[in-house]
Each structure stands twice: as C-alpha cells, then as structure tokens.
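Trainee:
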C-alpha cells in the first residue's frame, strides 16, 4: 500500500527562497503550498490538511515564532 505524499506549507516572504524550498520539496515527492505571511498561512491551513509547516522567523506582521506558538496551542 502506497502512502500519500506529505502536505507541506512553506511560509516565507522572500519569493526566491520560497520558490527554491518549494521546488526542492516537490522534487522529492511532497505536495507543497506556499504563503507569504500569517494571514495567508491561516487561510491555507483552514483549506487543507498540513503535515509539516516550514516557517520563516522574520515575517511581515506577525513573526514566525509567534505563529508557531499559536499553531501549537491550537493543535
């Protein structure tokens, strides 16, 4: 029985970095979604299941550490 590929959400405000991470993960069989800030992250997490969240620490608006704390508190 084959396992489903992991769903990974990359939250990174830098377009090049976000693209590079997503390209690498897709090349290794992962489903990848991307967001540029906390609001986009929340929408993406509400829309579909996320197995792994990759967060930039320095994001515009709410920083990655604060977002991580919120996700951990809600899960």
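Numbering (our numbering), first residue to last: 1303 to 1377. Where a beta carbon is used, it is the ideal one built from N, C-alpha and C, also for glycine. No experiment lies behind these values; they were computed from the predicted model shown.
#1: Taking Cβ positions, are residue 1309 and residue 1330 nearer each other than 8 Å?
#2: Would you mind giving the Cβ-Cβ distance between residue 1339 and residue 1361, rounded to the nearest angstrom? I have them listed as a contact below 8 Å.
#3: Roughly how many angstroms separate the alpha carbons of residue 1367 and residue 1304, rounded to a whole number?
#4: Are the beta-carbon atoms belonging to residue 1369 and residue 1343 less than 8 Å from one another?
#5: Give the single residue among 1307, 1311, 1306 whose Cα lies nearest to the Cα of residue 1357.
Mentor: With the given structure in hand:
#1: Pairing residue 1309 with residue 1330 gives a Cβ-Cβ distance that is not under 8 Å.
#2: The pair is a contact, with the Cβ atoms about 6 Å apart (cut-off 8 Å).
#3: When rounded, the distance between both Cα atoms is 34 Å.
#4: Residue 1343 sits close to residue 1369, with the two beta carbons spaced by under 8 Å.
#5: Checked all of 1307, 1311, 1306; the closest Cα to residue 1357 is 1311.
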